[in-house]
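Novice:
There are 2 protein chains.
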Amino acid sequence: MERLPGFRDFYPEPLPHPDVWSADARQFIFDKWRTTAKRYGFREYDGPPLEPLELFTTKSGAEIVGQLYNFTDKGGREISLRPEMTPTLARMVAAHERNYKKPIKWFAIPQLFRYERQQKGRLREHFQFNADLIGETDPAADAELIALVIDTLRAFGLTAEDFVIRLSSRNAWQDFFKHGGGDAAREYEFFQCIDKLERAAPDESEKKLSSLGFSLAQVNEFIAAGKPTAELENILQNLAARGLKDFIKIDYQVIRGLAYYTGVVFEAFDRKGEFRAIAGGGRYNNLVKLISGGKVDLPALGFGMGDVVLLELLKARGLLPKFDSQMDVFVVIEDEALRAISLKLIYDLRAAGFAVEYSLTPAKADKQLKRAQELKVAHTIRAESDAYVRIRKMSSRDEVVAGFADAANHLG
Amino acid sequence: MERLPGFRDFYPEPLPHPDVWSADARQFIFDKWRTTAKRYGFREYDGPPLEPLELFTTKSGAEIVGQLYNFTDKGGREISLRPEMTPTLARMVAAHERNYKKPIKWFAIPQLFRYERQQKGRLREHFQFNADLIGETDPAADAELIALVIDTLRAFGLTAEDFVIRLSSRNAWQDFFKHGGGDAAREYEFFQCIDKLERAAPDESEKKLSSLGFSLAQVNEFIAAGKPTAELENILQNLAARGLKDFIKIDYQVIRGLAYYTGVVFEAFDRKGEFRAIAGGGRYNNLVKLISGGKVDLPALGFGMGDVVLLELLKARGLLPKFDSQMDVFVVIEDEALRAISLKLIYDLRAAGFAVEYSLTPAKADKQLKRAQELKVAHTIRAESDAYVRIRKMSSRDEVVAGFADAANHLG
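Just so you know, the sequences run in chain order C and B. Numbering-wise (the numbering used here), the first sequence opens with residue -8 and increments by one. Numbering-wise (the numbering used here), the second sequence opens with residue -8 and increments by one.
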């Protein structure tokens, strides 16, 4: 029986097959995400992986349904697996924001789902680090969030040579559009054209832009100038104060596809341009109000960082550690008469915090030692009598004899 | 907009409302599960939350569908949110078992789903710690797994006064049934009757048992005698060697409802009998063969421990810690001229591993200090000039002045 197309199985390393994913690498990534978020004062939250379909159509319009993993449940409800976390966050914040000091700084590591026509190797789920900052309009909030993106990537060993934050602003484009005489009703059409600039054929863009009253040359000139707005300048200075100047560039080509961004937007890319965006985010000052039906109005911004592109990048840069069994000790049971007391030793070592493996059934000593080597344990221990154990340090082959109760003290 | 009935929102503590769940408590539980499993040499795996419906009906028969969160996807596939992890595990093991040394010791922390008629407060999802041991028939494997159940609960501070493992065996009941002249074809019917014994009315059980050629008195006598089989005796001795005798009792009332158990079965219960089972598991030696269509035949056993009952029990016993913001340091910015250098300090402290909070925007010093107190930080730091910082230990109010680069060394 096969798993569903577009879904992943996560196995312990070493991986048995190129078609499966590493549970160890996944946990490694989750741990770094969690640790960095906490250093920045972000608190963890989570919501249901299933939500009413309406939550997503309210935010993104009915056209989003084509990309959703949605269905009708047995109770006749229209529901969907979550394609992103922000609507759930907005729902949760709107429900209980009064109980939390502003700004609210929250993060989550949800699994997200989308149903696109299946393409070879295209995934229908991924995990995403989401961090959001709610209740603060000052650009200091944008800087804090971008610093978190940078520091998260640095926590994996990535440097300013590996990645860059392309910083932009819908406000800058809004001004450009307005001053150029654009029709306010067609502003989002213009944003979408800018969003596609890098991928679209130049004459297509030219055609579209001219229908909006602009020329491609005019747009390209604005991008090339890359003159930061006062708000972006503020963010740049804040990040420079932290020593993060080298990780940022103003890049107005970035505008983000989604309709709901309202101000600063950014994406993290590898410098070599080999991969899709590593992370992306921005301001969405109107979303909480929209989701709460007007009841709660809070400015907000956030980003998402997926596990798939990040994993590819870490692999390509040689930054993914080797994951082994992470066992500390192998207890060798040579004399079956000493099995009972060995079980006690194993129990006590585990209770003391050591990861301990042993042979469940009688086996030759050399077979047990071979297994200990495969597991790359730091020490083996064998009971010599019902009073003493022999501890061997695997790296040096040094041995020491100790009393049972004293064994743990020799495992430093 | 509301979340779906039977699903949970997880918020950071302190909780804003009795109707929501604690993300901090959830992570606390997951961390303990993960840490204990690793000490026992179990490796983490995971599969998709969605599987083909057939995976679950193959294992449990078509009648399971009534309890599943299943639906038809946009591609016309019959699929289901996973109600349990074992079928996915069996699928994954069957696909790649040759690459792993036996016994395979794996664990996972999946979210599981079921669609039952909605009852007040009844959840449709929960998280479950699953650990399985595959490829070993010896009762030493059963003992190792049960020791993990016990140690996992002990890791939360629960003792032999709080919980007990009720150990039983389908083999014992099989022998009882066979020797009593039971019809082999109706064995599972008999097992189901035993499973319901505690909840069913005595005359109902009597009627059912008599239709199978047995009397309730006969059955009750067998339970009261509680004579361990040789296999159970072996497990008891193994656990006694580890010092875990007080955590176990033979209890033939436990037989587990699911059809696929083949030998030893067990459940963990709180001693006061206030809650549903904390954990349950047993041997399922035929399942891997069944799921793999006969290709792979491996003996196996495992258990599941849900987050909901465990959380209730920990709360009731006062074993759930208070979760606060877990911030280490609050950097007070009194003089806005020193904000830039304070940002650098914040950055460096976070890079050194400290959780650091500060006011994103200008605020009065006493307001900042109040926030520092709310966050229960151990230290506040304020820049005194562009060369020196003043560090205050919150518990003693002791202050020390240090150079910027030296600040981290005073946070011990």
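Even for Gly, the Cβ is constructed at its ideal location relative to N, Cα and C.
1) Looking at the unbroken beta strand (DSSP E) that takes in SER333 of chain C, where does it start and where does it end?
2) Taking only beta-carbon atoms, is TRP24 of chain C less than 8 Å away from chain B?
3) Given a limit of 7 Å on CB to CB distance, which residues of the region 17 to 47 of chain B reach chain C?
4) Quick one: which residues of the region 270 to 302 of chain C get their C-beta closer than 7 Å to a C-beta of chain B? List them in chain order.
5) What three-state label does DSSP hand ASN61 of chain C in the structure shown?
6) Using 8 Å as the cut-off, can you tell me whether the region 300 to 318 of chain B makes contact with the region 205 to 212 of chain C, which would need three or more C-beta pairs spanning the two stretches below that distance?
7) Just to confirm my understanding: we take GLY172 of chain B, look at its own chain, exclude 5 residues before and 5 after, and list those with CB closer than 8 Å. What are they?
8) Taking only runs of the beta strand (DSSP E) that begin and end inside the region 58 to 123 of chain C, which ones reach a length of at least 3 residues, in chain order?
9) Buried or exposed for GLN110 of chain B, going by 16 or more other Cβ atoms inside 10 Å?
10) Is there contact here, the region 173 to 185 of chain B with the region 273 to 284 of chain B, by at least three beta-carbon pairs under 8 Å?
11) With a CB to CB cut of under 8 Å and the five nearest residues on each side skipped, what residues in its chain are close to ASP186 of chain B?
12) Alpha carbon to alpha carbon, what distance is there between SER71 of chain C and ILE55 of chain C?
13) Determine the contact status of ILE156 of chain C and PHE33 of chain C, defining contact as a CB-CB distance below 8 Å.
14) Excluding the 5 residues flanking ASP377 of chain B on each side, which residues of the same chain have their C-beta closer than 6 Å to its C-beta?
15) Just mark GLU127 of chain C as buried or exposed, buried being the case when its beta carbon has 16 or more other beta carbons within 10 Å.
16) When you compare each of C:ILE141, C:PHE1 and C:ALA122 to TYR338 of chain B by their alpha carbons, which one comes out closest?
17) At a cut-off of 7 Å, is ASN211 of chain B close to the ligand ATP when judged by its beta-carbon and the heavy atoms of the ligand?
18) Mind checking who ALA393 of chain B pairs with in its DSSP beta bridge?
19) Buried or exposed: which applies to GLU348 of chain C, given that a residue is buried once 16 or more other Cβ atoms fall within 10 Å of its Cβ?
20) Would you call the region 217 to 225 of chain B and the region 146 to 154 of chain B in contact, with 3 or more CB pairs under 8 Å?
21) For THR27 of chain C versus ALA138 of chain C, is the C-beta distance shorter than 8 Å?
22) Write down the C-beta distance between LEU289 of chain B and THR49 of chain B rounded to the nearest angstrom, noting that I regard them as a contact closer than 8 Å.
23) Please report the residue range of the alpha helix (DSSP H) in which ARG157 of chain C lies.
24) Where does ASP315 of chain B sit, in a helix, a strand or coil, going by DSSP?
25) Are the CB atoms of MET296 of chain B and PHE120 of chain B within a distance shorter than 8 Å?
26) Name the chain C residues whose beta carbon is nearer than 7 Å to that of SER387 of chain B?
27) In chain B, what lies closer than 9 Å to ASP142 of chain C by C-beta?
28) Leaving out five residues before and five after TYR60 of chain C in sequence, what residues of the same chain have Cβ atoms less than 8 Å from its Cβ?
29) When the Cα of GLY(-3) of chain C is compared with those of C:LEU6, C:GLY285, C:SER160 and C:ARG108, which residue comes out closest?
30) I'd like to check one pair, VAL368 of chain B with LEU340 of chain B: are the Cβ atoms closer than 8 Å?
31) Within 10 Å of its beta-carbon, does LYS199 of chain B have 16 or more other beta-carbons around it, so buried, or fewer, so exposed?
32) Relative to the C-alpha of LEU41 of chain C, which residue among B:GLU375, B:TYR36 and B:GLN102 is closest?
33) Answer with buried or exposed for LYS96 of chain C, where buried requires no fewer than 16 other C-beta atoms within 10 angstroms of its C-beta.
34) On the DSSP bridge assignment, give the partners of ALA259 of chain C in chain order.
35) Is there a Cβ of chain B sitting closer than 8 Å to that of ASP315 of chain C, yes or no?
36) Between B:TYR251, B:ALA268, B:ALA393 and B:ARG383, which has its C-alpha nearest SER51 of chain B's C-alpha?
Specialist: Answer, in terms of the structure:
1) In the first sequence, the residue the question calls residue 333 of chain C occupies position 342. No beta strand (DSSP E) holds SER333 of chain C; the alpha helix (DSSP H) holding it covers 330 to 342.
2) Your numbering for residue 24 of chain C matches position 33 in the first sequence. Not one chain B Cβ lies under 8 Å of TRP24 of chain C.
3) GLN18, LYS29, ARG30, TYR31, GLY32, ARG34, GLU35, TYR36, ASP37, GLY38, PRO39, PRO40, LEU41, GLU42, PRO43, GLU45 and LEU46
4) ILE282
5) The residue given as residue 61 of chain C occupies position 70 in the first sequence. Strand.
6) no
7) In the second sequence, the residue the question calls residue 172 of chain B occupies position 181. These residues qualify, in order along the chain: GLY204.
8) 60 to 63, 69 to 72, 95 to 99 and 102 to 104
9) Position 119 of the second sequence, counted from the first residue, corresponds to residue 110 of chain B. With fewer than 16 other Cβ atoms within 10 Å, it is exposed.
10) no
11) Position 195 of the second sequence, counting from 1, holds the residue named residue 186 of chain B. The answer, listed in chain order, is ILE246, ARG247 and GLY248.
12) The residue given as residue 55 of chain C occupies position 64 in the first sequence. The residue given as residue 71 of chain C occupies position 80 in the first sequence. Taking the straight line from one Cα to the other gives about 11 Å.
13) Within the first sequence, numbered from 1, the residue matching residue 156 of chain C stands at position 165. Within the first sequence, numbered from 1, the residue matching residue 33 of chain C stands at position 42. For ILE156 of chain C and PHE33 of chain C, no; Cβs fall outside 8 Å.
14) Working through the second sequence from its first residue, we reach residue 377 of chain B at position 386. Correct list, in chain order: ILE332.
15) Working through the first sequence from its first residue, we reach residue 127 of chain C at position 136. Buried: at least 16 other Cβ atoms inside 10 Å.
16) The sequence position of residue 338 of chain B within the second sequence is 347, counting from 1. Checked all of C:ILE141, C:PHE1 and C:ALA122; the closest Cα to TYR338 of chain B is C:ILE141.
17) Absence of the ligand ATP from the depicted structure is noted, as is the absence of any ligand whatsoever, leaving it without description.
18) Here residue 393 of chain B is taken as the residue at index 402 of the second sequence, counted from 1. Looking at the DSSP assignment, ALA393 of chain B forms a beta bridge with B:VAL380.
19) Locating residue 348 of chain C in the first sequence gives position 357, counting from the first residue. The residue is buried, with at least 16 neighbouring Cβ atoms inside 10 Å.
20) no
21) Translated into the one-based positions of the first sequence, residue 27 of chain C becomes position 36. Translated into the one-based positions of the first sequence, residue 138 of chain C becomes position 147. No. Outside cutoff.
22) On the second sequence, residue 289 of chain B is found 298 positions in, with the first residue counted as 1. On the second sequence, residue 49 of chain B is found 58 positions in, with the first residue counted as 1. Actually they are not in contact, since the Cβ atoms of LEU289 of chain B and THR49 of chain B sit about 17 Å apart, beyond 8 Å.
23) As a first step, residue 157 of chain C is located in the first sequence; it is residue number 166 there, counting from the start. Per DSSP, ARG157 of chain C belongs to no alpha helix (DSSP H); it is in the beta strand (DSSP E), 154 to 160.
24) Residue mapping note: residue 315 of chain B aligns to position 324 of the second sequence, counting from 1. Coil.
25) In the second sequence, residue 120 of chain B corresponds to position 129, counting from 1. In the second sequence, residue 296 of chain B corresponds to position 305, counting from 1. Contact: yes.
26) For the purposes of this step, residue 387 of chain B is taken as the residue at position 396 of the second sequence. None at all; the shortest Cβ gap to chain C is about 24 Å.
27) The count along the first sequence starts at 1 and reaches residue 142 of chain C at position 151. Going along chain B in sequence order, the residues near ASP142 of chain C (Cβ under 9 Å) are TYR338, ARG341 and ALA342.
28) Within the first sequence, the letter at position 69 stands for residue 60 of chain C. Result list for TYR60 of chain C: SER71, LEU72, PRO74, PHE104, ARG105, TYR106 and ARG115, in chain order.
29) Within the first sequence, the letter at position 6 stands for residue -3 of chain C. The option with the nearest alpha carbon to GLY(-3) of chain C is C:ARG108.
30) The residue you call residue 340 of chain B lines up with position 349 of the second sequence. The residue you call residue 368 of chain B lines up with position 377 of the second sequence. Their beta carbons are not under 8 Å apart, which means LEU340 of chain B does not touch VAL368 of chain B by this criterion.
31) For the purposes of this step, residue 199 of chain B is identified with residue 208 of the second sequence, where counting begins at 1. It is buried - the Cβ of LYS199 of chain B has at least 16 other Cβ atoms within 10 Å.
32) As a working mapping, residue 41 of chain C is identified with position 50 in the first sequence. Taking only the C-alpha atoms, the option nearest LEU41 of chain C is B:GLN102.
33) Here the question's residue 96 of chain C lines up with position 105 in the first sequence. Classification of LYS96 of chain C: buried, given that the 10 Å Cβ count is 16 or more.
34) Walking along the first sequence from the start, residue 259 of chain C turns up at place 268. Note: ALA259 of chain C sits in a beta bridge opposite C:ILE156 and C:ALA270.
35) Here residue 315 of chain C refers to the residue found at position 324 when the first sequence is read from its first residue. Chain B contact via Cβ: absent.
36) Taking the second sequence and counting its residues from 1, the one referred to as residue 51 of chain B is at position 60. Residue B:TYR251 is the option with its Cα nearest to SER51 of chain B.
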